[in-house]
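**Q** Sharing a structure below in structure tokens format, with a few things to ask.
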Amino acid sequence: MSLEQRYSAVVEYDGTEFYGFQLQAQARTVQGEIEKCLKQVTQCTIRISAAGRTDAGVHATGQVVAFNVAWKHSLADLQRAINANLPADIVFSELKWVSTPDFHPRFSAISRTYQYHILNQPWPSAIQRRYAYHVDRPLNVNLMRQASQLLVGSRDFASFGKPPQGSNTVRQITEVDWQIKGDGHLIFRITANAFLYRMVRKIVATLVQVGLGTIPLASLVEILEARDLNSSAPPAPACGLYLVKVTYPENLR
């Protein structure tokens, strides 16, 4: 009889048709579909853990999950079997054995990277409407870049989100960047040790207000210092957000 082995996987999914990542009894979720697939493939009830519990409509190209299973065939066979049984909007893009039995995708991570996509043009896109936030008025991207730099470092982000547990709202942002891809396609990239609930979407929405001239650049510092969720803009739409990378210490990946 095969012994259980711990596996980690990089997962890509289109979040449009999901009620978020986390398992819910009466709703279609990413976790629910993965666990249903694993049961079909292995004939065992398996619970997965994940790096992040993305909201309804949020996408991922770099979500990380882990699970234990006794599998007597090759790693490639397991990945093929999983992908053959997953719905078309979820893919295991990588699958590895994990040598550290207590590896946890969330608690072992040292940083997460998200991207947020904005379509800044007068007309919406029928194709991109599920994958980017349409802003029809011109944005001052240079101002948005300047505002983004004010967020870098260890700061109290209570004005931009709620902690998943406890009361600590201090997070360390290590990277922010805006890319212009042409045809009004803007990509905001942000890396931090961890994020508060809806933090990236509220940051993006506030930066958009800076880019539109609704919020002065200097006011961003005041918003941070207020430590009040109502001081920042309401969250930007979920459709533009992607979890793209989770980073771990070298000995774990």
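So the sequence shown is residues 332 to 584, counted in this note's numbering.
Even glycine gets a Cβ: it sits at the ideal position worked out from N, Cα and C.
Computed from a predicted structure; not experimentally measured.
#1: Taking one C-beta from the region 381-388 and one from the region 420-430 each time, how about it: are there three or more such pairs within less than 8 Å?
#2: Starting from GLN446, trace the beta strand (DSSP E) in both directions and tell me its first and last residue.
#3: Hey, quick one: how far does the alpha helix (DSSP H) through LYS370 stretch, first residue to last?
#4: Can you look up PHE438 in the DSSP assignment and give me helix, strand or coil?
#5: Measure the alpha-carbon distance for ALA567 versus PRO580 and round it to whole angstroms.
#6: Report the residue from LYS533, VAL472, HIS516 and ASN451 whose alpha carbon sits nearest the alpha carbon of PHE491.
#7: So ASP408 is in the alpha helix (DSSP H); what residue range does that whole segment cover?
#8: Would you mind sorting TRP454 into buried or exposed? The rule is 16 or more other CB atoms within 10 Å of its CB.
#9: Straight-line CA distance for SER339 to PRO494?
#10: So GLN477 packs on LEU548, CB below 8 Å; how close in whole Å?
#11: Less than 8 Å separating the beta-carbons of THR481 and HIS465?
#12: Based on DSSP bridge pairs, tell me the residues matched to ASP487.
#13: Do ALA412 and LEU334 have their CB atoms nearer than 8 Å?
#14: Work out the CA separation of ARG337 and SER485 for me, nearest whole Å.
#15: Please give the ranges of any alpha helix (DSSP H) in the region 542-579, keeping only runs that are unbroken, at least 4 residues long and fully inside the region.
#16: Return helix, strand or coil for ARG337, following the three-state DSSP convention.
#17: On a CA-only basis, which of VAL395, SER479, ILE365 and ASN416 is nearest SER439? Give me that one, please.
#18: Quick one: what's ALA381 bridged to in DSSP?
#19: Would you mind working out which of ASN399, HIS390, PHE398 and ASN416 sits nearest GLU364, comparing C-alpha positions?
#20: Residues in its own chain within less than 6 Å of ASN471 by CB, not counting five upstream and five downstream?
#21: Less than 8 Å between the CB atoms is what I'm expecting for ILE521 and VAL501, so what's the real figure, rounded?
#22: Rounded to the nearest angstrom, what separates MET332 and HIS448 at their Cα positions?
#23: Are VAL341 and SER442 close, meaning C-beta to C-beta below 8 Å?
**A** On the basis of the supplied data:
#1: no
#2: 442-451
#3: 361-373
#4: coil
#5: 32 Å
#6: LYS533
#7: 406-416
#8: exposed
#9: 26 Å
#10: 6 Å
#11: Position check: residue 481 holds Leu in this sequence, whereas Thr was assumed. No.
#12: VAL501
#13: no
#14: 34 Å
#15: 550-557
#16: strand
#17: VAL395
#18: VAL396
#19: ASN416
#20: GLY542
#21: The pair is not a contact, with the Cβ atoms about 16 Å apart (cut-off 8 Å).
#22: Summary for MET332: the model assigns pLDDT 48, below 50, so the residue's position carries little reliability; its value from the coordinates is reported in the next sentence. Each residue's alpha carbon lies about 48 Å from the other.
#23: no
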